[in-house]
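Numbering (UniProt numbering), first residue to last: 1 to 105.
Glycine is no exception: its CB is placed at the ideal position from the N, C-alpha and C atoms.
Written below as structure tokens is the structure these notes are about.
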């Protein structure tokens, strides 16, 4: 990304009642991304598949549908041991999370 390029904003509408839980949710996803990158370097597809499944289950409850989709993609690519698809999906998840902007309703 060039210096003048902005991170794409990913607006997520979240119920006001979940406001206290969101910082931990975001931190957990950041940690997941670090773990995924490490596991990918180790080619530990079994653990990536488990983590992808966990990510898939975490997104929808908070309104992060894209996180759910990417978690599914990661889980499926890990099951197939598809390294390049995994790399792409993990990068997409990292970029998506970087640009998340939450609107509480």
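Asked: Residue 28 in three-state terms, based on DSSP; Found: helix
Asked: Residue(s) in a DSSP beta bridge with residue 67; Found: Answer is none; residue 67 lacks a bridge partner.
Asked: Check whether residue 99 and residue 8 have beta carbons under 8 Å apart; Found: yes
Asked: Simplified DSSP state of residue 91, which is helix, strand or coil; Found: helix
Asked: Limits of the alpha helix (DSSP H) - the one that residue 45 falls within; Found: 45-59
Asked: For residue 101, the first and last residue of its enclosing beta strand (DSSP E); Found: 100-104
Asked: Separation of residue 68 from residue 80, as counted between CA atoms; Found: 19 Å
Asked: Pair within 8 Å by beta-carbon distance, residue 48 and residue 78; Found: yes
Asked: Beta-carbon spacing of residue 36, residue 74 below 8 Å; Found: yes
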